[in-house]
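Visitor: One structure is given below, represented as structure tokens, and several questions about it will come after.
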Amino acid sequence: MTETGAKKTGVLLVNLGSPASPKTGDVRRFLREFLGDPRVVNLPRPLWWLILNLFVLPFRPKKSAHAYQSIWTEQGSPLIVFTEKLTSKLQGFTGVDGTHLVIDCAMRYGKPALREKLQNFQKQGVHDIVILPLYPQYSSTTTASIFDVVAEEFVSWRHMPGLHFISDFHAHPSYIEALAQSVRQHWQANGQAELLLLSFHGLPAKLTEWGDPYFYQCQTTGRLLAEQLGLNDQQWKLVFQSRFGKAEWLKPYCVEVLQELPQQGIKHVDVICPGFSVDCLETLEEIAIANQEIFLEAGGETYRYIPCLNDSDAHVEVMLDLIKTVH
């Protein structure tokens, strides 16, 4: 790194990632990298290697490819498209002290690769780096995995920049307000349903016992959002989606709740996913399409999905506020 010129701070928004295309081969390559991460699957490596290569990769990619095809856009993967649009809207801003911010985005799995983006910062001579994982709630399976890559990359650097790692923003006031604003706008346009369902990505329940704070942070986000919207306990419910495998995951399960609600007399629901910064496979295919079918088949009548914050102006403000907290 150089010591000449004005100080630069590199800000890197990091998301999970996506296959290069919805073709089965590209999905298989993505799943191999994603599911091969020890942070993602907490099983002994030899055992998981056998399960992954003999039972998962030969079959799951075809099914996942079909799901990706249902939400793929002309611009590409929604997750990458929205992340890049959000990043683009942040470019041009400066730090609170006037520091030049070099803002970019990267993916933990797939392209654009996290290591390559860090190396680009190094070539540009940044003095400080802000890593902002786009996971509002911290988990060892997501946020910590990003830190692993950053730490591994820095091992080879001779000149270490200042590092600011934003581990979560699950209770940040501007984040909660942005969520509340999106719900209010949805209600103004469509009317308010009987129940607001807050769906977060699930994790194995064992992780909470091992000290992962994700479950409690999801509860905090839900409570704060409900308070901001003025909802009582009967007007909202927190659930967990995307269960994988046979082990017990965080409960209540979204699918089971959707099947039970019509029998309880609740036939009109709004669904929001506060654990996702931008829309992706889990929100657009699983929640907005597949789970809607489940609810309607169970006797539900109205099911409306409220999009993620994506590249909205409110989300831009959330990102800027987070960056200001560390630089």
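Heads up: take any position in the sequence shown, counting from 1, add 10, and you land on the working numbering. Just so you know, even glycine gets a beta-carbon here, dropped at the ideal spot from N, CA and C.
Roughly how far, in whole angstroms, is the beta-carbon of GLY280 from the beta-carbon of HIS196, given that I think they are within contact range, below 8 Å?
Guide: On the sequence shown, residue 280 is found 270 positions in, with the first residue counted as 1. On the sequence shown, residue 196 is found 186 positions in, with the first residue counted as 1. The sequence shown places Asp at residue 280, rather than the Gly named in the question. The pair is a contact, with the Cβ atoms about 7 Å apart (cut-off 8 Å).
Visitor: Starting from GLY35, trace the beta strand (DSSP E) both ways and give me its first and last residue.
Guide: The sequence position of residue 35 within the sequence shown is 25, counting from 1. Careful: GLY35 lies outside any beta strand (DSSP E), inside the alpha helix (DSSP H) at 34-45.
Visitor: Ignoring anything shorter than 4 residues, give me the alpha helix (DSSP H) runs that lie fully in the stretch 159-245, in order along the chain.
Guide: With a minimum length of 4 residues, the continuous alpha helix (DSSP H) runs that stay inside the stretch 159-245 are 183-200, 216-219, 224-239.
Visitor: Using three-state DSSP, classify GLN251 as helix, strand or coil.
Guide: To locate residue 251, count along the sequence shown from 1; it is residue 241. Of the three classes helix, strand and coil, the one that applies to GLN251 here is strand, per DSSP.
Visitor: Return the CA-CA distance between ASN52 and TRP82, expressed in angstroms with no decimal places.
Guide: Numbered from its first residue, the sequence shown carries residue 52 at position 42. Numbered from its first residue, the sequence shown carries residue 82 at position 72. Roughly 30 Å separates the two Cα atoms.
Visitor: Where does the unbroken alpha helix (DSSP H) through ASP331 begin, and where does it stop?
Guide: Here residue 331 refers to the residue found at position 321 of the sequence shown. Taken as a continuous stretch (DSSP letters only), the alpha helix (DSSP H) holding ASP331 covers 323-336.
Visitor: What is the DSSP secondary structure of HIS110, counted as helix, strand or coil?
Guide: Against the sequence shown, residue 110 aligns to sequence position 100. Reduced to three states, the DSSP call for HIS110 is strand.
Visitor: Can you tell me whether PHE69 is buried or exposed? The criterion is at least 16 other CB atoms within 10 Å of its CB, across all chains shown.
Guide: Taking the first residue of the sequence shown as position 1, residue 69 is located at position 59. By the 10 Å Cβ count, PHE69 comes out exposed.
Visitor: Assuming LEU128 is part of the alpha helix (DSSP H), what are its boundary residues?
Guide: Along the sequence shown, read from residue 1 onward, the residue named residue 128 stands at position 118. Taken as a continuous stretch (DSSP letters only), the alpha helix (DSSP H) holding LEU128 covers 124-133.
Visitor: Within the chosen definition, does the stretch 298-314 reach the stretch 262-282 through at least 3 CB pairs nearer than 8 Å?
Guide: yes
Visitor: Name the two residues that bound the continuous alpha helix (DSSP H) containing LYS95.
Guide: As a working note, residue 95 is residue 85 in the sequence shown. Unbroken alpha helix (DSSP H) run through LYS95: 88-100.
Visitor: Measure the Cβ-Cβ separation of ILE176 and LEU124 and say whether it is below 9 Å.
Guide: On the sequence shown, position 166 is the one that residue 176 refers to. On the sequence shown, position 114 is the one that residue 124 refers to. Contact flag unset, no.
Visitor: Rounded to the nearest angstrom, what separates GLN245 and GLN202 at their Cα positions?
Guide: Position 235 of the sequence shown, counting from 1, holds the residue named residue 245. Position 192 of the sequence shown, counting from 1, holds the residue named residue 202. Distance between the alpha carbons of GLN245 and GLN202 is about 10 Å.
Visitor: Please report how far the alpha carbon of PHE254 lies from the alpha carbon of LYS73, in whole angstroms.
Guide: By one-based count along the sequence shown, residue 254 stands at place 244. By one-based count along the sequence shown, residue 73 stands at place 63. Spanning the two alpha carbons is a distance of roughly 14 Å.
Visitor: Does ARG55 come out as helix, strand or coil in the three-state DSSP assignment?
Guide: Within the sequence shown, residue 55 is the residue found at index 45, counting from 1. Here ARG55 sits in helix by DSSP.
Visitor: Quick check: LEU128 and CYS115, are their CB atoms within less than 9 Å of each other?
Guide: Residue mapping note: residue 128 aligns to position 118 of the sequence shown, counting from 1. Residue mapping note: residue 115 aligns to position 105 of the sequence shown, counting from 1. Cβ atoms of LEU128 and CYS115: not closer than 9 Å.
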